[in-house]
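**Student:**
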Amino acid sequence: MNFPIIVIGTITIDNIFKHEENIMQYFNNMKSDLKINFVADSYKKYFGGTASNVAYNLSLLNVNSKIIASAGNDFFEFKSFFSNHNINTDWVEEVKNETTSTCVIFCDGNDNHIDVFYPGPMYNDRNLSLYEKNIEGILLAIITPTDVQSMTMRCKECIYFNIPYIFDPGLFLENFDVNDLMFCCKNANILIMNEKEFDRLLKHTNLQFNEALNLYSKVIITKGESGSTLFYNKESMNIPVVKPTRIYDTVGAGDAYKAGLAVGLLNHLPIEECCKIGSTISSFEVESYGSMNHTFTKKIFIERYKENFNEYDSNIESIFFAD
6 MNFPIIVIGT
16 ITIDNIFKHE
26 ENIMQYFNNM
36 KSDLKINFVA
46 DSYKKYFGGT
56 ASNVAYNLSL
66 LNVNSKIIAS
76 AGNDFFEFKS
86 FFSNHNINTD
96 WVEEVKNETT
106 STCVIFCDGN
116 DNHIDVFYPG
126 PMYNDRNLSL
136 YEKNIEGILL
146 AIITPTDVQS
156 MTMRCKECIY
166 FNIPYIFDPG
176 LFLENFDVND
186 LMFCCKNANI
196 LIMNEKEFDR
206 LLKHTNLQFN
216 EALNLYSKVI
226 ITKGESGSTL
236 FYNKESMNIP
246 VVKPTRIYDT
256 VGAGDAYKAG
266 LAVGLLNHLP
276 IEECCKIGST
286 ISSFEVESYG
296 SMNHTFTKKI
306 FIERYKENFN
316 EYDSNIESIF
326 FAD
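Printed below as a string of structure tokens:
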């Protein structure tokens with residue numbers, strides 16, 4: 006079986022606690038002490054993680070992928086889920102004395118959330134290497150937030166093997182040595198992150214906005230309900246948000262976007278078309294709780310795409326969507 010995309014990132018168990026009221030009200034009169042008792046109105050446990058989310062969305066597009074990451078001794082249930090969605094886990098290393106990385110998310114209906122992340126075996130990622138793998142048939146890598154040392158290693162390995170990569174340092178970007186971060190960003194085929202993360206990138210690297218854009222080949226900044234902006238060849242293009250039928254949970258929407266972006270690249274579509282595919286997939290992701298509980302058919306995807314974008318490129322139908 007061919008696996009044209011490798012996904013680098015975390016494999017995580019997500020514990021999501023939902024509070025119906027706006028949680029910001031609890032912080033309005035905060036002084037020196039932080040003592041807040043929340044009562045959750047609902048609780049769900051889901052499979053998650055940056056690598057998992059991207060790979061799952063690729064599977065919805067009928068694109069096989071291979072994950073390189075670390076998991077804990079409780080990985081067996083997750084592994085079965087991956088197998089059912091044609092996600093290869095041969096390069097996932099199970100760390101016997103650890104439990105899989107865990108994230109606790111407390112959120113409300115206004116997209117406010119408090120996250121606590123336990124990395125667990127994530128730091129084992131730096132012990133993995135593409136040099137020891139059979140990379141035949143790999144056309145693209147997607148590098149998502151995980152251990153900083155391993156992200157730097159994966160970027161260097163992709164350069165060595167001439168594998169183009171999409172790069173998102175995201176959550177851990179301040180942990181990078183500035184020179185390493187600049188190196189990874191400058192050599193990426195596409196640099197993608199949300200607008201808050203891009204602001205943090207500018208502060209960490211001491212760059213001005215236009216300076217950063219001139220250094221990097223293609224930059225995509227996602228902006229939630231405001232869509233996303235593509236910066237390429239000293240020009241910018243705003244990609245509208247694709248309207249979902251409802252919004253239940255935005256966790257993982259950025260990972261869904263990256264999957265759509267990657268599949269467009271894999272099919273040699275124009276970069277703006279790739280962004281529109283990513284925006285469309287993200288709209289399905291937010292319609293269910295958890296980051297890997299949504300689905301769609303080719304027919305439904307194309308209908309939504311046409312509804313949201315005035316221009317429609319028939320090339321999109323050549324993408325191998327699962328029916």
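Quick note: the sequence shown uses the working numbering, first residue 6, plus one each step.
Idealized CB from N, CA, C, for every residue including glycine.
Given a cut-off of 8 Å on the beta-carbon distance, is the pair Asn194 and Lys223 in contact?
**Tutor:** It is a contact, given that the beta carbons lie within the stated cut-off.
**Student:** What separation, rounded to the nearest whole angstrom, lies between the Cα atoms of Ile140 and Cys279?
**Tutor:** Using only the alpha carbons, I get a separation of about 24 Å.
**Student:** Please state if the CB of Thr107 and the CB of Gly125 are separated by a distance shorter than 8 Å.
**Tutor:** It is a contact, given that the beta carbons lie within the stated cut-off.
**Student:** Distance, Cα to Cα, Tyr48 vs Met29?
**Tutor:** Looking at the two C-alpha atoms, the distance is approximately 19 Å.
**Student:** Would you list the residues sitting across from Ile72 in a DSSP beta bridge?
**Tutor:** Ile72 is bridged to Val12.
**Student:** Looking at Ile21: is its Cβ nearer than 8 Å to the Cβ of Gly54?
**Tutor:** Cβ distance not < 8 Å, so Ile21 and Gly54 don't count as in contact.
**Student:** Mind reading off the beta-carbon distance from Ile13 to Ala74? Whole number of angstroms is fine, and I expect it under 8 Å.
**Tutor:** Right, their Cβ atoms sit about 7 Å apart.
**Student:** Phe8: which of His90, Glu240 and Lys239 sits nearest, CA to CA?
**Tutor:** Per the Cα distances, His90.
**Student:** When you compare the region 184-193 with the region 158-170, are there three or more beta-carbon pairs, one atom per stretch, that lie closer than 8 Å?
**Tutor:** Contact between the region 184-193 and the region 158-170 is present, because at least three Cβ pairs lie under 8 Å.
**Student:** For Phe172, which of Val291, Ala264, Glu25 and Ser241 has the nearest alpha-carbon?
**Tutor:** Looking at the Cα atoms, Ala264 is the closest of the given residues.
**Student:** By the three-class DSSP mapping on this structure, what secondary structure does Lys84 have?
**Tutor:** Residue state, collapsed to three classes: helix.
**Student:** Look up Ala3 in the DSSP assignment and say whether it is helix, strand or coil.
**Tutor:** What is shown of the chain runs 6 to 328, which leaves residue 3 out entirely.
**Student:** Identify whether Leu235 lies in helix, strand or coil by the three-state DSSP scheme.
**Tutor:** Residue state, collapsed to three classes: strand.
**Student:** Starting from the Cα of Leu66, find the closest Cα among Glu103, Leu266 and Glu312 and give me that residue.
**Tutor:** Nearest of Glu103, Leu266 and Glu312 to Leu66, Cα basis: Leu266.
**Student:** Ala327 to Lys281, Cα distance in whole Å?
**Tutor:** The predicted position of Ala327 is uncertain, since its pLDDT is 49 and thus under 50; no value can be drawn from it.
**Student:** Please report the distance separating the alpha-carbon of Gly259 from that of Pro174.
**Tutor:** About 12 Å.
**Student:** Report the option in Val121, Phe177 and Asn298 whose CA atom is closest to the CA atom of Asp152.
**Tutor:** Comparing Cα-Cα distances from Asp152 to each of Val121, Phe177 and Asn298, the minimum goes to Phe177.
**Student:** Short check: CB of Thr105 to CB of Phe80, under 8 Å?
**Tutor:** In this structure, Phe80 lies closer than 8 Å to Thr105 by Cβ.
**Student:** Can you have a look at Ser241 and say buried or exposed, based on whether 16 or more other CB atoms are within 10 angstroms of its CB?
**Tutor:** Exposed: under 16 other Cβ atoms inside 10 Å.
**Student:** With 16 as the cutoff for other CB atoms within 10 Å, does Arg309 come out buried or exposed?
**Tutor:** Answer is buried; the Cβ neighbour count reaches 16.
**Student:** Could you tell me the boundaries of the alpha helix (DSSP H) in which Met156 lies?
**Tutor:** Run containing Met156: Val153 to Tyr165, per the alpha helix (DSSP H) assignment.
**Student:** Residue range of the alpha helix (DSSP H) that Lys191 falls in?
**Tutor:** Looking at the DSSP string, the run of the alpha helix (DSSP H) that includes Lys191 is Val183 to Lys191.
**Student:** In the DSSP assignment, what are the bridge partners of Asn42?
**Tutor:** According to DSSP, Asn42 bridges with nothing at all.
**Student:** Report back the beta-carbon spacing between Pro245 and Asn313 to the nearest angstrom; my notes put them in contact at under 8 Å.
**Tutor:** 7 Å between Cβ atoms; contact.
**Student:** Using DSSP with H/G/I as helix, E/B as strand and the rest coil, what is Glu98?
**Tutor:** Three-state result, Glu98: strand.
**Student:** DSSP state of Val59, grouped into three classes?
**Tutor:** It is helical.
**Student:** How is the beta strand (DSSP E) around Ile110 delimited, first residue to last?
**Tutor:** Here the beta strand (DSSP E) through Ile110 covers Ser106 to Cys112.
**Student:** Which residue's Cα is closest to the Cα of Glu98: Ile72, Asp116 and Ser287?
**Tutor:** It is Ile72 whose Cα lies nearest to the Cα of Glu98.
**Student:** Please state if the CB of His24 and the CB of Asp3 are separated by a distance shorter than 8 Å.
**Tutor:** A question about residue 3 goes unanswered here, because the residues of the chain that appear run from 6 up to 328.
**Student:** Run through the DSSP bridge pairs and tell me what Glu240 is partnered with.
**Tutor:** Per DSSP, Tyr237.
**Student:** Phe52 bridges to which residues according to DSSP?
**Tutor:** Per DSSP, Ile18.
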